[in-house]
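First comes the structure, then the notes that go with it.
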Amino acid sequence: MPLPLHTPRVNNNDDVVRLIRIHVKAGDAVDAGDLVAEVETEKASYTVEAEQSGFVLAVIPKLEAMIEVGSVLMWIGATPDEPIPAVQHAVASGGSTAEPTVKAAQLLAKYGLQASDVPAAGARLTAKEVEDYVSRNAAAPREAIQSPAELVATASIPDAAGTFEDLTTNERGMLRTVLWQRQHAVPGYVELEYDAAAWDRAAAEYQKQERLLLNPLLALMAYRLVTVVKQQRRLNATIVGERRFVYDTINVGFTVQSDTTLYLAIVRDAGRMTCREFVDRLAQLQRSAMVHRLRGEETSGATVAFTSMARWNVTRHIPVLPPNTALTVAHAASSFGGRAALGATYDHRVLTGFEALAALSEISRVESMNEQSVR
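Residue numbering for the sequence shown follows numbering that gives the first Met the number 0, beginning at 0 and increasing consecutively.
What follows is the structure in C-alpha cells.
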C-alpha cells in the first residue's frame, strides 16, 4: 500500500515552507533514511528523508513551490507501479486568496508579503491578520532586506575567472544568518574577564556530584545564561517593525563544530528545565551534531545563544547574532597566560551596552548562582 511522505515542520512559527531541492524522481528506489528533498523557511533549512524503503511513485509539489506543513510531499510504494490514492494534495500558497483591505495591502507591501501568504478568516484580509502573522513569524520590513536570491540576481560577477559552486544546506543557513545581522540588527560588542578558576572548581564539583563523564563547564555557563534571561526578559527579545517582540520561551542556541560544519543546536524551552535536564539535553544535541543527525527543529528558533572557542585557545571572538535574537554570549579561554573572557554580541536596537554587560557580569559570578542553578 502506498504511504505518503508529509512536508515536515521546520520552525514552530512557520506553517509554509519552500521546496528548494528534489533528489529523487518517480520510479527511483529509496531506502529508509535516504535524502529525498530539502525545504526551507527564511530562518532555517531542513533535509527530508524517506521514512520507509520502497519506490517513489510521485513527487507532488513543484520545485520552488510554497507548500503547507503536513501536506503530502511524495508517495512511496512497495513497487514502482502502484497506483496513488485518489486524494487531494495540498500544494498551497501558504494562506488565503482573500482580498486585502487598503490598510492590509499597505502592510503587505511594507513586509514584502503576498495576500496568499497570510491566512484570513473572512472574505477580506484585515490589517490585524497581517500584523498577527508578522508577529508570529518575526517578519521584517521589505525595504530593509534582500533575500539571498535577490542578492544573487543583483550581484556583479567577479573580474577574475572562476567556477560557481552550490552552497550546502548549512552554508545557506549561515548566509541567511550573516545577511540578517547585516540588514537588520545594529550589533555591538562588550567583554569582560572573569574568574575562570572559580568556574572550573564549580564545574568539577558538579561533575563529581552528578557522576558525569564529561566536564559540564560550558553547559553550566549556558544554563547560567538561562537563569539570567528568566530574570531579565528584555534579553529574550527582538525587534519587529517598530515594536519589541518578547519571546514566551527561552530557546538557547549552542554552537557545535563538527568537522567543517558549524551547527547552532537549540535547547528548546530551557527556562522550564532543571540544570541537570539542561545539561543532559545539550549533551544529546551535541552527540547528534557530531554525527550530522540534527533535525530541523533542533537547528532553528533560537531566542538567545552561547558559543565558545576555548578549545582552540582563542582569547577573543565576536560572534554573529542568530536571526531574531538580541544576545549571543561568547566564551573564550587560553592556556597561554590563563586569560578567560566572556563577551556578548548584542542588538543595540533591543539592548544597551550596559544591559549586555550586566548580563555578562551575572553569568561570570559563580557565587551568584543559586541552588537550582548549580545542583
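Glycine included, C-beta positions come from ideal geometry on N, C-alpha and C.
#1: What is the rounded straight-line gap between the Cα of Glu67 and the Cα of Ala309?
#2: Quick check: the Cα distance between Ser333 and Trp311, rounded to an integer number of angstroms?
#3: Are the segment 322-332 and the segment 226-244 touching, with three or more C-beta to C-beta distances below 8 Å?
#4: Taking three-plus beta-carbon pairs below 8 Å as touching, is the segment 71-78 in contact with the segment 35-50?
#5: Since Glu48 sits in a beta bridge, which residues does DSSP pair it with?
#6: Which runs of the alpha helix (DSSP H) fall wholly inside the segment 165-195 and span at least 4 residues, in chain order?
#7: Where does the unbroken beta strand (DSSP E) through Ser360 begin, and where does it stop?
#8: Identify whether Tyr383 lies in helix, strand or coil by the three-state DSSP scheme.
#9: Please work out which residues of its chain come closer than 7 Å, Cβ to Cβ, to Ala288, disregarding the five sequence neighbours upstream and downstream, and give them in chain order.
#10: In angstroms with no decimal places, state the Cα-to-Cα distance between Gly252 and Arg210.
#11: Taking the alpha-carbon positions, what's the Asp14 to Ser307 distance?
#12: Using the Cα positions of Val129 and Tyr188, report the straight-line distance between them to the nearest angstrom.
#13: Taking the alpha carbon of Leu341 as the reference point, which residue from Pro157, Glu50, Leu356 has its own alpha carbon closest?
#14: Between which residues of its own chain and Leu207 is the CB-CB distance below 6 Å, once the five residues before and five after are set aside?
#15: Exposed or buried, which one is Arg123 when buried takes at least 16 other CB atoms within 10 Å?
#16: Since I believe Ala49 is in contact with Asp80 (beta carbons under 8 Å), could you give me their beta-carbon distance rounded to a whole number of angstroms?
#17: Going straight from the alpha carbon of Pro393 to that of Asp165, what length do you get?
#18: Helix, strand or coil: which one does DSSP assign to Glu63?
#19: Note down the Cα distance separating Arg223 from Glu241, rounded to an integer number of angstroms.
#20: According to DSSP, simplified to helix, strand and coil, what is Ser257?
#21: How would you write the range of the beta strand (DSSP E) that Phe305 sits in, first residue to last?
#22: Just checking my contact of Ala331 with His347 at CB under 8 Å: how many whole Å lie between their CB atoms?
#23: Excluding sequence positions up to five away, which residues of its chain have a Cβ less than 6 Å from the Cβ of Asn369?
#24: Around the C-beta of Met272, are 16 or more other C-beta atoms found within 10 angstroms, so that it is buried, or is it exposed?
#25: Do Pro215 and Ala195 have their beta-carbon atoms positioned less than 8 Å apart in this structure?
#26: On the DSSP letters alone, give me the boundaries of the alpha helix (DSSP H) that Val278 sits inside.
#27: Please look up how many angstroms separate the CB atoms of Ala126 and Leu112, rounded, as I've assumed it's under 8 Å.
#28: In chain order, what residues of the same chain lie with their CB nearer than 6 Å to the CB of Ala184, ignoring the 5 residues before and after it?
#29: What are the start and end residues of the beta strand (DSSP E) that includes Trp74?
#30: Run through DSSP, which three-state label would Glu370 get?
#31: Measuring alpha carbon to alpha carbon, tell me which residue in Pro318, Glu192, Leu293 is nearest Pro186.
#32: For the putative contact between Ala57 and Val9, defined by C-beta atoms under 8 Å, what is the C-beta separation to the nearest angstrom?
#33: Helix, strand or coil: how does DSSP classify Glu98 here?
#34: Pull up the CB-CB distance for Ala343 and Ala358, whole angstroms please, since I reckon it's below 8 Å.
Let me lay it out:
#1: The C-alpha of Ala309 is placed about 42 Å away from the C-alpha of Glu67.
#2: So the two alpha carbons sit approximately 8 Å from each other.
#3: Because the criterion of three Cβ pairs below 8 Å is met, the segment 322-332 and the segment 226-244 touch.
#4: Enough Cβ pairs lie closer than 8 Å, so yes.
#5: Looking at the DSSP assignment, Glu48 forms a beta bridge with Leu34.
#6: Entirely contained in the segment 165-195, the alpha helix (DSSP H) runs reaching 4 residues are, in chain order, 168-182.
#7: If you look at Ser360, you'll find it isn't in any beta strand (DSSP E); it sits in the alpha helix (DSSP H) that goes 352-363.
#8: Any answer about residue 383 is impossible in this case: the structure gives the chain only from 0 up to 374.
#9: Around Ala288: Val255, Ser257, Tyr262, Ala264.
#10: In this structure, the straight-line span from the alpha carbon of Gly252 to that of Arg210 is close to 25 Å.
#11: Roughly 33 Å between the two C-alpha positions.
#12: Spanning the two alpha carbons is a distance of roughly 34 Å.
#13: The residue with the shortest Cα to Cα distance from Leu341 is Leu356.
#14: What sits at residue 207 in the sequence shown is Lys, not Leu. Cβ within range, chain order: n/a, list empty.
#15: A residue is called buried when at least 16 other Cβ atoms come within 10 angstroms of its Cβ; Arg123 does not meet this threshold and is exposed.
#16: Contact annotation, Asp80 with Ala49: C-beta distance approximately 18 Å; criterion of less than 8 Å not satisfied.
#17: Only positions 0 to 374 of the chain appear in this structure, which leaves residue 393 out of reach.
#18: Coil, per DSSP.
#19: Rounded to whole angstroms, Arg223 to Glu241 spans 30 Å at the Cα level.
#20: Three-state result, Ser257: strand.
#21: DSSP places Phe305 in the uninterrupted beta strand (DSSP E) bounded by 303-307.
#22: Your pair Ala331 and His347 does not check out as a contact, with CB atoms roughly 22 Å apart and the cut at 8 Å.
#23: Note that Asn369 scores a pLDDT of 44, beneath 50, so its modelled location is shaky; the value from the coordinates is reported in the next line. Here the set comprises nothing.
#24: Label assigned to Met272: buried.
#25: Cβ atoms of Ala195 and Pro215: not closer than 8 Å.
#26: 274-289 is the extent of the alpha helix (DSSP H) around Val278.
#27: About 12 Å separates the two Cβ atoms, so there is no contact after all.
#28: Counting only Cβ-Cβ distances below 6 Å, and skipping sequence neighbours, we find Leu320, Asp346.
#29: Segment 71-76, the beta strand (DSSP E) holding Trp74.
#30: Reliability of the predicted coordinates at Glu370 is poor, the pLDDT of 45 falling under 50, and the value obtained from them is presented with this limitation in mind. Glu370: helix per DSSP, three-state reduction.
#31: Comparing Cα positions, the closest option is Pro318.
#32: The C-beta separation of Ala57 from Val9 comes to about 23 Å, leaving the pair out of contact by the 8 Å criterion.
#33: Assigned with DSSP and collapsed to three states, Glu98 falls in strand.
#34: Indeed, because the Cβ distance is near 7 Å, the residues count as touching under 8 Å.
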